[in-house]
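Numbering (the working numbering), first residue to last: 1 to 315. Structure record follows, encoded as C-alpha cells.
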C-alpha cells in the first residue's frame with residue numbers, strides 16, 4: 001500500500017460508544033445496545049467511529065476513518081459517507097461530501113497514511129451538493145479524473161441540478177468540476193488490481209450510480225455502495241406523472257437487488273444501518289441466508305410504493 005499506517009487502533013473517542021449504539025437502536029428501531037462482550041470484538045477503529053458519531057448525524061461533523069474490509073475505508077464525516085479504495089497503483093475515492101466535508105475527507109485520508117495525490121479517480125453516488133459539493137476541491141488537490149454517468153455529467157459540469165431531477169430547485173449550487181470520463185451501466189473503473197463496477201440506479205437523482213467491487217482477506221467479500229434511492233422531491237413533483245423516470249427508477253432497484261453482496265454501504269450511513277451493524281459486529285453479512293443488497297433494494301421499493309400511494313391520496 002502507498003504509505004499505509006499499521007496501527008489504526010490509536011484512534012480515540014471510544015468512551016461514547018454505548019450511547020451511540022443506544023441512539024442507533026432508538027432511532028432505527030433496532031435491538032438494544034450490544035453487549036460488552038460484543039463490543040470487545042469490534043475493531044478499535046470502528047469503535048472509534050461509533051464513539052464519535054450518531055445515526056443521521058450532522059453532515060460536516062468529523063468522524064475518524066476506519067477500515068471496512070481490507071483495502072476499503074470509510075473516510076467521510078459522521079453524516080455523509082466517502083469511500084476510499086486503495087491499490088498499490090493508486091486509489092479510487094467515491095463521494096466528497098459537502099465543500100466543508102471534503103476537508104474532513106482529506107484529513108482522514110492523511111490519517112490513514114495515504115496521500116490525496118495518489119487518488120486517481122473520483123466517483124460519485126448522486127449529483128447533489130451533500131455528496132459532490134466538495135468534489136471540485138478534491139479534484140484540485142489530487143488531479144484525479146472525475147467519472148460520472150451521462151445523466152449526472154451536466155450537473156457536475158455546471159454545479160446545478162438538471163430540470164429532470166425530482167429535487168430541482170431545492171438545493172444551493174455547488175462548485176463545478178471537469179468530468180473526464182462518462183461511464184455506463186456494467187462498465188468498470190480499474191487501477192492496478194482493483195476494479196469498481198457501475199450500476200445505474202437513477203431515482204433519487206437522474207444520474208445516480210451505485211458501485212460494486214470485491215475485497216479479499218480471510219475470504220473474498222463483495223461490497224456495494226448503494227445510492228440513497230429514497231423518493232424525495234420538491235413539493236410540486238409527482239413521481240406518478242413521470243412514468244419513464246419511474247420505470248428507470250424501478251429497473252435500477254431491480255439490478256441492485258440482484259447483486260450478491262456481503263457488505264452494503266450508502267451515501268448516508270444510516271440508510272444502510274451501518275452504525276447498527278457495526279455495533280452488532282455485523283458490518284459483513286455473510287450468513288448463508290443474508291441478502292443485504294436485496295433487502296436494501298426492497299426497502300426502497302416499498303418507499304416508492306408508499307410515495308405513490310400518498311400522491312394518489314392527495315388527488
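All residues carry an ideal CB built from backbone N, CA and C; glycine is no exception.
Alpha carbon to alpha carbon, what distance is there between residue 71 and residue 82?
-> Working through the chain shown from its first residue, we reach residue 82 at position 82. Working through the chain shown from its first residue, we reach residue 71 at position 71. Whole-angstrom Cα-Cα distance: 14 Å.
In angstroms with no decimal places, state the Cα-to-Cα distance between residue 175 and residue 77.
-> As a working note, residue 175 is residue 175 in the chain shown. As a working note, residue 77 is residue 77 in the chain shown. Rounded to whole angstroms, residue 175 to residue 77 spans 19 Å at the Cα level.
Going along the chain, which residues of its own chain have a beta-carbon closer than 8 Å to the beta-carbon of residue 4, five neighbours each way excluded?
-> On the chain shown, residue 4 is found 4 positions in, with the first residue counted as 1. Model confidence at residue 4 stands at a pLDDT of 44, short of 50, so the residue's coordinates are unreliable; what they give is reported in the following sentence. Here the set comprises 86, 112, 113 and 114.
Where the beta strand (DSSP E) through residue 220 begins and ends = Locating residue 220 in the chain shown gives position 220, counting from the first residue. 220-225 is the span of the beta strand (DSSP E), which, as asked, contains residue 220.
Would you mind sorting residue 287 into buried or exposed? The rule is 16 or more other CB atoms within 10 Å of its CB.
-> Translated into the one-based positions of the chain shown, residue 287 becomes position 287. Residue 287 comes out exposed.
Neighbourhood of residue 165 by C-beta distance below 7 Å, restricted to the same chain and skipping five residues each side | Within the chain shown, residue 165 is the residue found at index 165, counting from 1. Result list for residue 165: 205 and 206, in chain order.
Taking 8 Å as the threshold, find out whether the segment 270-283 comes into contact with the segment 44-56 through three or more Cβ pairs.
-> yes
Taking only the alpha-carbon atoms, compute the straight-line gap between residue 108 and residue 314 and give it to the nearest angstrom.
-> Residue 108 sits at position 108 when you count from the first residue of the chain shown. Residue 314 sits at position 314 when you count from the first residue of the chain shown. Taking the straight line joining both Cα atoms gives about 46 Å.
With a threshold of 16 other CB atoms inside 10 Å of the CB of residue 137, please say whether the residue is buried or exposed.
-> By 1-based counting over the chain shown, the position of residue 137 is 137. With 16 or more other Cβ atoms within 10 Å, it is buried.
Along the chain, which unbroken stretches of the alpha helix (DSSP H) at least 4 residues long are found entirely within the segment 100-164?
-> 129-132, 135-142 and 153-158
Go through its chain and collect everything with a Cβ distance to residue 268's Cβ below 8 Å, but skip five positions before and after it.
-> By one-based count along the chain shown, residue 268 stands at place 268. Result list for residue 268: 56, 79, 80, 81 and 228, in chain order.
Is it true that the segment 232-242 meets the segment 253-269, where meeting means three or more beta-carbon pairs spaced less than 8 Å apart?
-> no
Label residue 302 either buried or exposed according to how many other C-beta atoms from any shown protein chain fall within 10 Å of its C-beta, with 16 as the threshold for buried.
-> Position 302 of the chain shown, counted from the first residue, corresponds to residue 302. Under this definition residue 302 is an exposed residue.
Spell out whether any CB of chain C is found under 8 Å from the CB atom of residue 137.
-> The structure shown contains no chain C, having only a single protein chain.
Counterpart residues of residue 191 in DSSP-defined beta bridges | Locating residue 191 in the chain shown gives position 191, counting from the first residue. In the DSSP output, where bridge partners are listed per residue, residue 191 has 194.
With 16 other Cβ atoms within 10 Å as the buried cut-off, status of residue 47 | Reading the chain shown from its first residue, position 47 is the one you call residue 47. Looking at its Cβ environment, which holds 16 or more other Cβ atoms inside 10 Å, residue 47 is buried.
Bridge partners - residue 213, DSSP secondary structure assignment | The residue given as residue 213 occupies position 213 in the chain shown. According to DSSP, residue 213 bridges with 223.
Could you tell me the distance, in whole angstroms, from the CA atom of residue 247 to the CA atom of residue 213?
-> Within the chain shown, the letter at position 247 stands for residue 247. Within the chain shown, the letter at position 213 stands for residue 213. Each residue's alpha carbon lies about 26 Å from the other.
6 Å Cβ shell around residue 42 - same chain, five flanking residues per side excluded = As a working mapping, residue 42 is identified with position 42 in the chain shown. Taken in chain order, the residues that qualify are 281.
According to the neighbour-count rule (16 or more other Cβ atoms, all chains shown, within 10 Å of its Cβ), is residue 220 buried or exposed?
-> Translated into positions along the chain shown, residue 220 becomes position 220. Its Cβ having fewer than 16 others within 10 Å, residue 220 is exposed.
Identify the continuous beta strand (DSSP E) that holds residue 183 and give its terminal residues.
-> Numbered from 1 along the chain shown, position 183 holds the residue referred to as residue 183. Here residue 183 belongs to no beta strand (DSSP E), and DSSP marks it neither H nor E.
Range covered by the alpha helix (DSSP H) that runs through residue 308 = As a working mapping, residue 308 is identified with position 308 in the chain shown. Taken as a continuous stretch (DSSP letters only), the alpha helix (DSSP H) holding residue 308 covers 292-313.
Could you give the distance in angstroms between the alpha-carbon of residue 24 and the alpha-carbon of residue 270?
-> Translated into the one-based positions of the chain shown, residue 24 becomes position 24. Translated into the one-based positions of the chain shown, residue 270 becomes position 270. Residue placement at residue 24 cannot be trusted, given a pLDDT of 43 that sits under 50; the coordinates are not used to answer.
For residue 256 and residue 201, believed in contact at Cβ under 8 Å, the rounded distance | Position 201 of the chain shown, counting from 1, holds the residue named residue 201. Position 256 of the chain shown, counting from 1, holds the residue named residue 256. Yes, they are in contact, since the Cβ atoms of residue 201 and residue 256 sit about 6 Å apart, within 8 Å.
Might you give, ordered along the chain, the residues of its own chain that have their beta carbon closer than 8 Å to the beta carbon of residue 254, omitting 5 neighbours on each side?
-> Translated into positions along the chain shown, residue 254 becomes position 254. Here the set comprises 297.
On a CA-only basis, which of 155, 121 and 245 is nearest residue 133? Give me that one, please.
-> Here residue 133 refers to the residue found at position 133 when the chain shown is read from its first residue. The shortest C-alpha separation from residue 133 is found at 155.
Take the Cβ of residue 309 as the centre, count every other Cβ of all protein chains shown within 10 Å, and call the residue buried at 16 or more, exposed below.
-> By 1-based counting over the chain shown, the position of residue 309 is 309. It counts as exposed.
Would you mind reading off the limits of the alpha helix (DSSP H) that contains residue 245?
-> The sequence position of residue 245 within the chain shown is 245, counting from 1. 243-257 is the extent of the alpha helix (DSSP H) around residue 245.
Could you check the C-alpha separation between residue 69 and residue 285 for me, to the nearest Å?
-> Walking along the chain shown from the start, residue 69 turns up at place 69. Walking along the chain shown from the start, residue 285 turns up at place 285. Taking the straight line joining both Cα atoms gives about 12 Å.
Is residue 124 buried or exposed, if buried means 16 or more other CB atoms sit within 10 Å of its CB?
-> The sequence position of residue 124 within the chain shown is 124, counting from 1. It is buried - the Cβ of residue 124 has at least 16 other Cβ atoms within 10 Å.
State the DSSP-derived secondary structure class of residue 271, mapped to helix, strand or coil.
-> On the chain shown, position 271 is the one that residue 271 refers to. Looking at residue 271 - three-state DSSP - the assignment turns out to be helix.
Beta carbon of residue 122 nearer than 8 Å to that of residue 279 = Looking up residue 122 in the chain shown gives position 122. Looking up residue 279 in the chain shown gives position 279. No. Outside cutoff.
Helix, strand or coil at residue 49 according to DSSP, with G and I counted as helix = For the purposes of this step, residue 49 is identified with residue 49 of the chain shown, where counting begins at 1. Reduced to three states, the DSSP call for residue 49 is helix.
Host beta strand (DSSP E) of residue 74 (start-end) = Residue numbering aside, residue 74 sits at position 74 when the chain shown is read from its first letter. It spans 72-74 - the beta strand (DSSP E) in which residue 74 sits, taken as one unbroken run.
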